[in-house]
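A.B. asks: One structure coming up, written as structure tokens, with questions to follow.
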Amino acid sequence: MAFSILSEALIADVRDAGYDSEAVFAEAFQDAADLELWGKSVLIGKEDVYKVTEDTWRFSSHMAKLRRCLKIAKESLVKPEVDKAKADADAQAAHSLATAQAMAAGGSCNTQQSSPLSLAMPQWPQAVQTNKLDADARRKLWHDFGNTYTGEFILESDRPAKQLVQSYWHQKVTGELILVPWKRLLSQAEENVSVKGSGGNKESRFLAIMAEAHGMVDDIEIDSPTSHFRVTKALSLRATCWALVGWCHLKSAKTFASHVMEHFTKRPLEGSGLRSPTAPEAEAADQALVETLVSLMGHSNMTLDQAIYEVVDVRCMAATLLVPRPLAAKATNNNTSHTHNNMPTANGGPVRTAPQPKATPYGQSGQSKKMPCHLFKKTGACKFGDQCKFKHTSGSGHGRAKP
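Heads up: the sequence shown runs through residues 1 to 403, numbered per this note's numbering.
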């Protein structure tokens with residue numbers, strides 16, 4: 001199908017070069033630069049046939065058709081994986097239906113010598129099966145990602161988790177961009193740790209393996225990130241997924257993540273009475289931004305790249321969603337702070353006076369805290385004299401202190 005758009009002379013040259021199938025042609029040229037180099041050698045070598053020169057071969061219709069042919073051939077490599085998964089799902093569904101009908105009729109099912117365990121296996125929805133991203137398709141995505149973004153180096157452990165890639169792949173296939181909570185934006189290393197720590201008996205592990213094979217797995221999540229470093233990593237993983245599955249260019253996805261982090265980490269002036277947004281407030285703002293992207297893609301027919309440009313560069317929405325918040329008022333101690341006058345001051349607040357000492361049976365606590373000397377009260381004299389640490393007063397409480 002890809003070769004059909006080429007001219008007969010160009011098809012002959014392609015086949016003479018050994019590219020006898022679309023798959024071979026797609027795998028031979030890993031990027032556009034390789035195709036440009038080979039196309040130039042073919043077109044310039046036969047200037048009289050293709051009517052091109054050294055200056056015009058790049059803009060000729062033959063070169064444009066070669067580029068289009070390569071794009072179609074590469075897209076056809078991914079489609080068989082989806083078609084194969086759909087065919088397997090249809091075959092399994094048909095087999096299960098035949099088994100159920102045979103059992104309902106009281107007969108035996110001899111289609112494939114089904115065991116009791118296979119008869120008890122749950123049948124997953126076909127829509128989920130067709131969007132299952134297998135290992136070969138995942139490797140193909142990472143291979144194309146490495147060829148497209150040659151300067152982007154990501155360690156195996158720092159790649160987005162397989163389940164996260166599967167989620168965004170499903171979104172891309174269905175054309176529905178959905179917000180994934182930050183606590184589910186995990187790397188492959190974090191996913192491995194979560195799976196190992198889940199434990200469980202043999203039956204639960206077996207069912208988990210079967211569920212993963214059919215694309216029906218519970219979302220793995222950790223505690224919501226609170227530190228700036230962890231939030232940056234989570235948004236970077238999401239940006240990589242968007243570019244990996246072909247939602248948008250990697251630069252656009254990283255620009256969106258940087259837009260959120262720029263205003264999330266921005267600190268207000270000291271003494272302004274304001275604070276930076278918290279992690280839950282930042283996640284709520286991020287949710288509003290993603291909802292705006294979905295709205296622009298749905299109602300305005302924008303691509304994700306165009307929607308990101310609209311949100312970040314045109315509207316600058318994060319600047320209004322992640323503004324500094326006022327600091328909470330500090331709690332006052334009622335035992336030490338009293339307001340005795342409601343007259344406003346120059347600053348607009350009430351006048352506050354110093355707290356008054358409490359009255360006690362032995363005088364005010366702020367003036368005299370000495371207890372009376374019981375020996376002096378009883379006998380009128382004290383053997384400690386001036387060295388006594390208690391107050392020398394008469395028994396009635398009105399006598400004069402004696403040494």
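Beta carbons: idealized from backbone N, C-alpha and C, even for Gly. Since the structure is predicted, the reported quantities are computational estimates derived from the model, not experimental observations.
Going by CA-CA distance only, name the one from W142, L244 and S21 that's closest to K172.
C.D. replies: Closest by alpha carbon: L244.
A.B. asks: Take R58 and list the residues in its own chain whose beta-carbon comes closer than 8 Å to its own, dropping the five residues that flank it on each side.
C.D. replies: Counting only Cβ-Cβ distances below 8 Å, and skipping sequence neighbours, we find E36 and K40.
A.B. asks: According to the neighbour-count rule (16 or more other Cβ atoms, all chains shown, within 10 Å of its Cβ), is M371 buried or exposed?
C.D. replies: Counting Cβ neighbours within 10 Å, M371 comes out exposed, since fewer than 16 surround it.
A.B. asks: Please identify the residue among E262, A329 and K140 whose C-alpha is closest to the C-alpha of G273.
C.D. replies: When each option's Cα is compared against that of G273, the closest is A329.
A.B. asks: For the alpha helix (DSSP H) that contains I308, what are its first and last residues?
C.D. replies: Its alpha helix (DSSP H) spans residues L304 to Y309.
A.B. asks: One question on the structure: do F256 and L322 come within less than 8 Å of each other, judged by their Cβ atoms?
C.D. replies: Cβ distance not < 8 Å, so F256 and L322 don't count as in contact.
A.B. asks: Just to confirm, is the Cβ distance from H259 to V312 under 8 Å?
C.D. replies: Yes, these two residues count as a Cβ contact at 8 Å.
A.B. asks: For A9, which residues from the same chain have a beta carbon less than 8 Å from its beta carbon, with the 5 sequence-adjacent residues on both sides left out?
C.D. replies: Around A9: K46, V49 and Y50.
A.B. asks: Per DSSP, which one or two residues make a beta bridge with P160?
C.D. replies: Looking at the DSSP assignment, P160 forms a beta bridge with S187.
A.B. asks: Does R238 pass the burial test, meaning 16 or more other C-beta atoms within 10 Å, or should it be called exposed?
C.D. replies: So R238 counts as buried.
A.B. asks: Within its chain, find whatever has a CB closer than 7 Å to the CB of P324; leave out the 5 residues flanking it on each side and keep chain order.
C.D. replies: Excluding positions up to five away in sequence, the list reads P268, L274, R275 and S276.
A.B. asks: Could you give the DSSP three-state label for R15: helix, strand or coil?
C.D. replies: In this structure, R15 counts as helix in the three-state DSSP scheme.
A.B. asks: Classify L327: buried if its beta carbon has 16 or more other beta carbons within 10 angstroms, exposed otherwise.
C.D. replies: Counting Cβ neighbours within 10 Å, L327 comes out exposed, since fewer than 16 surround it.
A.B. asks: Pop quiz: S167 and V180 are said to be a contact at Cβ under 8 Å. What is the actual Cβ separation, rounded to whole angstroms?
C.D. replies: Right, the Cβ-Cβ distance comes to about 6 Å (below 8 Å), so this counts as a contact.
A.B. asks: Rounded to whole angstroms, what is the Cα-Cα separation between D386 and G380?
C.D. replies: Going from the Cα of D386 to the Cα of G380 covers about 14 Å.
A.B. asks: Can you tell me which residues form a DSSP beta bridge with K140?
C.D. replies: Answer is none; K140 lacks a bridge partner.
A.B. asks: In the DSSP output, what is L274 paired with across the bridge?
C.D. replies: For L274, which the question treats as bridged, DSSP gives the partners P326.
A.B. asks: Kindly indicate the opening and closing residues of the alpha helix (DSSP H) around E283.
C.D. replies: From DSSP, the alpha helix (DSSP H) with E283 extends over A279 to H299.
A.B. asks: With burial defined as no fewer than 16 other Cβ atoms inside 10 Å of the residue's Cβ, what is the status of A319: buried or exposed?
C.D. replies: By the 10 Å Cβ count, A319 comes out exposed.
A.B. asks: Quick check: the region 15–27 against the region 62–77, are at least 3 beta-carbon pairs closer than 8 Å?
C.D. replies: Yes, the region 62–77 is in contact with the region 15–27.
A.B. asks: Between the alpha carbons of C241 and T174, how many angstroms are there, rounded?
C.D. replies: Approximately 16 Å between the Cα atoms of the pair.
A.B. asks: Helix, strand or coil for K71, going by three-state DSSP, please let me know.
C.D. replies: Three-state DSSP puts K71 in a helix.
A.B. asks: Exposed or buried, what is E291 when buried is set at 16 or more other beta-carbons lying within 10 Å of its beta-carbon?
C.D. replies: With fewer than 16 Cβ atoms within 10 Å of its Cβ, E291 is classed as exposed.
A.B. asks: Does the Cβ of V314 have 16 or more other Cβ atoms within 10 Å, making it buried, or fewer, making it exposed?
C.D. replies: Under this definition V314 is an exposed residue.
A.B. asks: So, using beta-carbon positions, are T393 and K383 closer together than 8 Å?
C.D. replies: In this structure, K383 does not lie closer than 8 Å to T393 by Cβ.
A.B. asks: Thinking C-beta only, is M317 closer than 8 Å to L289?
C.D. replies: Cβ distance < 8 Å, so L289 and M317 count as in contact.
A.B. asks: Taking the straight line between their C-alpha atoms, what separation do you get for A279 and T226?
C.D. replies: Their backbone Cα atoms lie some 5 Å apart in a straight line.
A.B. asks: Please list the terminal residues of the continuous alpha helix (DSSP H) segment that includes Y50.
C.D. replies: Counting along the chain, the alpha helix (DSSP H) containing Y50 begins and ends at E47 to Y50.
A.B. asks: Shorter than 7 Å, the distance from the beta carbon of A282 to the closest heavy atom of the ligand ZN, or not?
C.D. replies: The ligand ZN is not among the ligands present in this structure, which contains no ligands whatsoever.
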